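Heads up: the structure comes next, in C-alpha cells.
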Amino acid sequence: MSTGQAPLSTAPAAPQAAPARPAADAAGKDKQQNSLADGYVLGVGDVIEVSVLGREEFKPRVQVQVDGTIQLPYIKSVPAEGKTVLQLREEVRHRLQQGGYYTDPVVSVIVASYTARYVTVLGEVGNPGLVPVDRAYRLSEILARVGGLRPTGSDDVQIRRADGKEFNFDMRDIAGGGPDKDIFVEPGDKIYVAAATTFYIYGQVAQPGSYRIDRGMTLRQALARAGGLTPRGSDKKVKLFRDGKEMGRMNLSDPVKNGDTIVIGERFF
Numbered sequence: 032m033s034t035g036q037a038p039l040s041t042a043p044a045a046p047q048a049a050p051a052r053p054a055a056d057a058a059g060k061d062k063q064q065n066s067l068a069d070g071y072v073l074g075v076g077d078v079i080e081v082s083v084l085g086r087e088e089f090k091p092r093v094q095v096q097v098d099g100t101i102q103l104p105y106i107k108s109v110p111a112e113g114k115t116v117l118q119l120r121e122e123v124r125h126r127l128q129q130g131g132y133y134t135d136p137v138v139s140v141i142v143a144s145y146t147a148r149y150v151t152v153l154g155e156v157g158n159p160g161l162v163p164v165d166r167a168y169r170l171s172e173i174l175a176r177v178g179g180l181r182p183t184g185s186d187d188v189q190i191r192r193a194d195g196k197e198f199n200f201d202m203r204d205i206a207g208g209g210p211d212k213d214i215f216v217e218p219g220d221k222i223y224v225a226a227a228t229t230f231y232i233y234g235q236v237a238q239p240g241s242y243r244i245d246r247g248m249t250l251r252q253a254l255a256r257a258g259g260l261t262p263r264g265s266d267k268k269v270k271l272f273r274d275g276k277e278m279g280r281m282n283l284s285d286p287v288k289n290g291d292t293i294v295i296g297e298r299f300f
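Note that the numbering used here has the sequence shown beginning at 32, numbered continuously upward.
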C-alpha cells in the first residue's frame with residue numbers, strides 16, 4: 032500500500048495537442064462500457080493502468096494513495112478512491128481534453144492489482160461469512176459464492192451500505208429481470224437473507240408438515256403445496272389457527288400468513 036510516495040511511473044514531457052481517436056475506437060469503447068469491471072469501486076492500494084489509445088507516451092501504472100488520489104502525467108493529482116473504473120476513466124478523459132493535451136482522447140483504465148476488500152453475507156445462506164471482492168460483482172454472483180439460499184431462506188434480500196443506506200430485493204425479480212434488478216455490490220456491504228415465513232398444515236392432506244410461504248400465497252395454494260387433499264379430505268372442512276386463535280369461516284382465496292396452522296378435516300362420506 033502506498034504511503035504518499037511518488038506514483039509507480041514518471042511523467043514524460045507534455046506532447047502537443049493532437050487527435051487521438053482512430054476509427055476503430057468505437058467498438059473498443061463499447062466493449063469497455065459493457066465490462067463488469069467498469070462498476071468496480073476503487074480503493075486505497077489498488078494499482079491501475081491508465082492509457083490513451085494510440086499514444087505510447089501515456090501509459091502510467093499508478094497506485095491509489097492513502098489520500099485517495101492517483102498521480103498522472105500532465106494532469107497530476109486525480110481523486111480515485113470511491114470512484115468506479117468508468118467514472119475515473121471519464122474524469123481522466125475530461126481533464127486531458129480540457130487541459131489541451133489531447134483532442135477527444137479514448138482513455139482506458141484497467142485495475143492491475145486489487146486490494147483485498149470484502150462484503151459480509153449473513154442469514155439463511157449456505158456458507159455465511161466474509162466474501163472478498165476483487166472486481167465488480169452483482170448480488171446474484173455473491174450469493175452464488177456463498178452457496179446460494181438455504182431451503183429455509185426467504186426470497187427477500189437486504190443490503191446495508193457502509194454509509195447506512197439500505198436496499199431490499201426479491202430474488203424472483205433478480206432471476207427474472209434485467210441487470211438493473213441485479214445490482215453491483217460494494218466493498219463494506221452487509222447482505223442479509225432472512226428466514227422464510229412458514230405455515231403448518233395437518234390433517235387430511237397428502238404431505239402434512241411445514242412449508243415456506245410464497246408471496247401472495249392463498250389457502251388453496253397452501254393445500255396444493257402439501258400435495259392436495261387425501262381421498263377423505265374436504266376443502267369444506269378447513270380450519271385456520273392464527274396467533275393461537277381459531278379464525279372464523281375462511282375462503283380458499285384468503286391469504287396465508289406467517290405462523291398459520293391449517294387443519295383439513297374429513298368429509299362426511
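Don't be surprised by glycine CBs; every beta carbon is placed ideally from N, CA and C.
No experiment lies behind these values; they were computed from the predicted model shown.
- When secondary structure is reduced to three states using DSSP, Lys212 falls in the helix class.
- Here Leu260 is bridged, per DSSP, to Val236.
- If you ignore the 5 residues before and after Glu217, its C-beta comes within less than 7 Å of the C-beta of Val72 and Arg192, all in its own chain and listed in chain order.
- Annotation: Val177 is outside any beta strand (DSSP E) and is labelled neither H nor E by DSSP.
- Taking a contact as a CB-CB distance under 8 Å, the pair Ala255 and Phe230 does not count as one, their CB atoms being some 13 Å apart.
- Tyr242 places its beta carbon 8 Å or farther from that of Gly154.
- In chain order, Gly234, Gln235, Val236, Ile295, Gly296, Glu297 and Arg298 place their CB closer than 8 Å to the CB of Gly264, counting only its own chain and leaving out the 5 sequence neighbours on each side.
- The Cβ-Cβ distance between Val109 and Arg126 falls below 8 Å.
- Note on Phe200: 16 or more other CB atoms within 10 angstroms of its CB, so buried under the neighbour-count rule.
- Per the DSSP secondary-structure output, Ala226 pairs in a beta bridge with Gly184.
- Listed in chain order, the non-local C-beta contacts of Ala257 below 6 Å within the same chain comprise Ile232, Val236 and Gln238, local neighbours out to five positions each way being set aside.
- Taken in chain order, the complete alpha helix (DSSP H) segments of 4 residues or longer contained in the region 70-130 are 116-129.
- The three-state secondary structure of Asp204, taken from DSSP, is helix.
- In terms of Cβ geometry, Ile205 and Leu170 form a close pair [threshold 8 Å].
- Contact between Arg148 and Pro163 holds: their C-beta atoms lie close to 7 Å from each other, under 8 Å.
- If you check the CB distance, Gly76 and Tyr105 do not come in under 8 Å.
- Measuring C-alpha to C-alpha distances from Pro159 to each of Ala175, Asp135, Tyr168 and Leu283 identifies Ala175 as the nearest.
- In the structure shown, the three-state DSSP call for Ser284 is coil.
- Going by C-alpha positions, Leu103 is about 8 Å away from Val93.
- For Val152, the uninterrupted beta strand (DSSP E) segment begins and ends at Tyr149 to Gly154.
- Contact between Ile293 and Leu271 is confirmed by a C-beta separation of about 6 Å, below the 8 Å threshold.
- By the beta-carbon neighbour count (other beta carbons within 10 angstroms, threshold 16), Ala226 is exposed.
- The residues Val138 and Val140, in chain order, have a CB closer than 6 Å to that of Arg120 in the same chain once the five nearest residues on each side in sequence are set aside.
- Distance between Gly157 and Tyr133, taken at the CA atoms: about 51 Å.
- Residue pairing from DSSP places Gly160 in a beta bridge opposite Val152.
- The three-state secondary structure of Ala255, taken from DSSP, is helix.
- In this structure, Ala143 keeps its C-beta atom at 8 Å or more from the C-beta atom of Phe215.
- Sequence-distant Cβ neighbours of Lys268 in its own chain, meaning closer than 6 Å and more than five residues away, are Gly296.
- Assignment of beta-bridge partners to Ile190 by DSSP yields Phe198 and Ile222.
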